[in-house]
Every structure is written in C-alpha cells, then in structure tokens.
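Q:
Numbering (full-length UniProt numbering), first residue to last: 1 to 144.
#1: List the endpoints of the continuous alpha helix (DSSP H) containing residue 5.
#2: Is residue 128 helix, strand or coil by DSSP?
#3: Note the first and the last residue of the continuous alpha helix (DSSP H) segment covering residue 107.
#4: Between 107, 108 and 128, which lies nearest to residue 115 when the distance is taken from Cα to Cα?
#5: On the three-state DSSP scale, how would you describe residue 65?
#6: Take the Cβ of residue 37 as the centre, count every other Cβ of all protein chains shown within 10 Å, and call the residue buried at 16 or more, exposed below.
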C-alpha cells in the first residue's frame with residue numbers, strides 16, 4: 001500500500017461524499033473513515049484546519065491538495081494507520097452510493113457507471129458483434 005495513493009483515494013472519496021450534501025457521511029462505514037482521519041489529524045493545527053475547510057468547501061482543489069499532503073505525511077510515518085485507513089476506505093466504498101462527476105467541453109460523450117457506453121461526435125458505440133458491417137462517419141463521405 002502506497003501512502004500517496006491511499007491519501008489521494010481517501011480525500012477523493014470524502015470529497016465525493018461531501019459534495020453529495022453529506023448524505024453518505026451518515027453511513028456507518030463512511031462515518032468511521034471520517035472519524036479515523038479526524039482522530040489521527042487532531043493535534044496538528046494545519047491538518048485540523050484543512051479537514052474543517054474541506055467540510056465547508058469540498059470543491060476547493062487547494063484544500064483537497066493540502067489535506068492529501070497532510071494525510072500522506074501521517075501515513076508514511078504510521079504503517080499501522082495506513083493499513084487501518086485502507087481497510088476503512090474499502091468498507092466505506094462498499095457502503096456509499098456510487099458518485100460520478102464529469103465535465104465535457106466541446107463535442108464528445110461521457111459514459112459513467114457499470115455497463116456505460118458512449119460514442120462522441122461521429123463516433124460509433126457497438127455493444128456486441130459488428131462483423132460484416134460497414135460503418136462510415138465524417139463529412140462528405142461517399143459510398144460507391
């Protein structure tokens with residue numbers, strides 16, 4: 001388990017829970033994850049401030065980065081907490097509803113979630129077998 005990866009995943013997960021109006025934070029496993037992070041960062045004013053700021057403004061990427069860095073430092077110094085946090089994160093991810101977020105600029109397509117399929121502008125999404133078919137996309141194409 002890499003501390004940077006776990007720290008990044010924990011912060012991203014907490015952000016997704018907070019941006020959904022905090023509904024997922026009411027779940028037992030998600031609450032246990034939040035409490036573990038809060039308990040371990042207690043006593044470090046910068047870490048406490050980052051965690052409280054995240055709760056108030058979860059979309060702020062500077063706050064996310066600060067908290068991620070603070071948490072990574074703690075995880076590097078404490079392998080037992082690293083293992084505990086990885087387990088708590090796994091439990092929380094199983095319990096919380098899936099949250100998807102996407103941004104698209106220009107033409108294209110976005111597909112999210114299990115079984116999702118997308119084809120962008122002039123794209124073709126085929127679910128199954130396309131043998132023997134001719135598919136043409138683009139401008140001013142001619143079939144002869």
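Heads up, the beta-carbon is just placed ideally off N, CA and C, and yes, glycines get one too.
No experiment lies behind these values; they were computed from the predicted model shown.
A: On the basis of the supplied data:
#1: As a first step, residue 5 is located in the chain shown; it is residue number 5 there, counting from the start. It spans 3 to 19 - the alpha helix (DSSP H) in which residue 5 sits, taken as one unbroken run.
#2: Numbered from 1 along the chain shown, position 128 holds the residue referred to as residue 128. In this structure, residue 128 counts as coil in the three-state DSSP scheme.
#3: As a first step, residue 107 must be located in the chain shown, where it is residue number 107. Segment: none, residue 107 is in no alpha helix (DSSP H) and carries neither H nor E.
#4: Position 115 of the chain shown, counting from 1, holds the residue named residue 115. It is 128.
#5: For the purposes of this step, residue 65 is taken as the residue at position 65 of the chain shown. If DSSP states are grouped into helix, strand and coil, residue 65 belongs with the helices.
#6: Taking the first residue of the chain shown as 1, we reach residue 37 at position 37. With 16 or more other Cβ atoms within 10 Å, it is buried.
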